[in-house]
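Residue numbers (this note's numbering): 38 to 364.
Each residue gets a CB set at the ideal place from its N, CA and C atoms; glycine is no exception.
This structure is a prediction, so every number in the text was calculated from the model and none was measured.
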């Protein structure tokens with residue numbers, strides 16, 4: 038099976054500070070603990086994570102013809118991501134984000150230049166990529182601003198009509214647009230993966246079960262809520278199943294949700310049940326946060342297999358995953 042990832046590719050500058058509150062209050066220079074350039078963007082992170090897991094994946098998006106854009110493309114190619122359908126523009130600089138992170142708590146604020154990736158028009162996309170894929174994954178960042186919002190919506194609609202599985206990973210900005218905006222998209226979605234905060238914002242309930250069941254009424258059949266280090270919760274056969282997360286030493290949490298979605302997708306592609314796929318999602322997400330930057334510690338298949346085997350005695354569900362995958 039081949040996956041299409043539609044949405045954002047961004048170069049991130051991570052700035053680490055000791056105290057985010059003090060940093061924001063000051064009107065003069067504040068010392069950094071460290072800084073780090075990291076290729077990012079939710080859809081791009083997802084694509085790279087799948088590529089590292091040896092899943093054929095196409096990235097559909099837009100970057101500038103500049104040093105940042107070239108670095109993003111190079112990283113795609115180094116991680117087995119097909120860039121034939123990635124648009125390169127001479128008119129705009131590659132999308133960029135400055136993210137200030139409090140070292141101990143991982144609290145963060147970000148300043149983002151979205152203009153380039155959100156400028157992707159429907160007529161710029163070669164729709165023949167749809168003939169190559171079995172699953173189309175769209176980030177919520179692709180649905181917050183036109184023309185990309187219109188492009189993504191139209192491609193999701195077309196994919197649905199073609200029988201292609203569709204996945205939506207919401208984001209905070211999209212969730213804050215409210216349920217009416219989301220409900221128009223949900224009819225095109227098979228799999229949805231909000232984190233808990235996004236679920237609450239979208240559905241106006243703190244109950245995971247009520248929130249996921251509300252989303253299900255509008256279209257998706259596979260529904261999962263990411264719970265950070267606690268793992269994930271899945272609506273499966275009308276019951277909420279909580280899949281416990283893995284304990285790891287956290288270096289930085291950016292991109293953890295993207296990594297989870299890639300792992301969850303891997304599990305579905307390999308024929309695992311949603312709860313079993315949740316184990317893979319938790320594992321890939323846990324490994325991702327052990328490095329600084331969204332992609333520095335994304336696992337390959339050998340890493341993933343070794344990690345799960347290390348934890349197989351702790352869970353019958355993990356053992357069932359290993360048996361199903363022949364590991």
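For residue i, is the classification buried or exposed, using 16 other Cβ atoms within 10 angstroms of its Cβ as the cut-off for buried?
{"i": "residue 109", "result": "buried"}
{"i": "residue 27", "result": "Limits of the chain in this structure are 38 at one end and 364 at the other, which puts residue 27 out of reach."}
{"i": "residue 267", "result": "exposed"}
{"i": "residue 311", "result": "buried"}
{"i": "residue 317", "result": "buried"}
{"i": "residue 236", "result": "buried"}
{"i": "residue 304", "result": "buried"}
Starting from the Cα of residue i, find the closest Cα among the options and give me that residue.
{"i": "residue 220", "options": "240, 203, 234, 114", "result": "240"}
{"i": "residue 283", "options": "307, 42, 351, 61", "result": "351"}
{"i": "residue 276", "options": "303, 245, 308, 185", "result": "245"}
{"i": "residue 165", "options": "195, 58, 90, 190", "result": "195"}
{"i": "residue 252", "options": "212, 290, 287", "result": "212"}
{"i": "residue 204", "options": "138, 258, 141, 270", "result": "258"}
{"i": "residue 323", "options": "237, 64, 288, 304", "result": "288"}
{"i": "residue 44", "options": "114, 135, 64, 173", "result": "173"}
{"i": "residue 207", "options": "143, 303, 155, 80", "result": "80"}
{"i": "residue 230", "options": "104, 341, 209", "result": "209"}
{"i": "residue 107", "options": "88, 92, 47", "result": "47"}
{"i": "residue 147", "options": "353, 315, 49", "result": "49"}
{"i": "residue 145", "options": "61, 345, 356", "result": "61"}
{"i": "residue 113", "options": "142, 42, 134", "result": "42"}
{"i": "residue 365", "options": "232, 138, 40, 192", "result": "For the chain, the structure presents residues 38 to 364; residue 365 sits outside this window and is missing."}
{"i": "residue 57", "options": "38, 271, 137, 265", "result": "137"}
State the Cα-Cα distance for the pair residue i and residue j, rounded to the nearest angstrom.
{"i": "residue 100", "j": "residue 171", "result": "25 Å"}
{"i": "residue 247", "j": "residue 234", "result": "14 Å"}
{"i": "residue 126", "j": "residue 153", "result": "8 Å"}
{"i": "residue 347", "j": "residue 218", "result": "43 Å"}
{"i": "residue 300", "j": "residue 321", "result": "6 Å"}
{"i": "residue 263", "j": "residue 177", "result": "15 Å"}
Margin query: I'd like to know if the region 71-89 and the region 326-334 are in contact, where contact means that at least 3 CB-CB pairs between them fall below 8 Å.
Written below: yes
Note to self: Tell me whether the region 79-99 and the region 118-134 touch, counting them as touching only if at least three CB pairs, one residue from each stretch, are closer than 8 Å.
What the structure shows: yes
Margin query: Assess contact between the region 56-69 and the region 184-201, defined as three or more Cβ pairs (one per stretch) separated by less than 8 Å. Is contact present?
Written below: no
Next item on the list: Let me know the beta strand (DSSP E) ranges lying completely inside the region 247-287, each 3 residues or longer, listed in chain order.
Entry: 259-263, 268-273, 276-281
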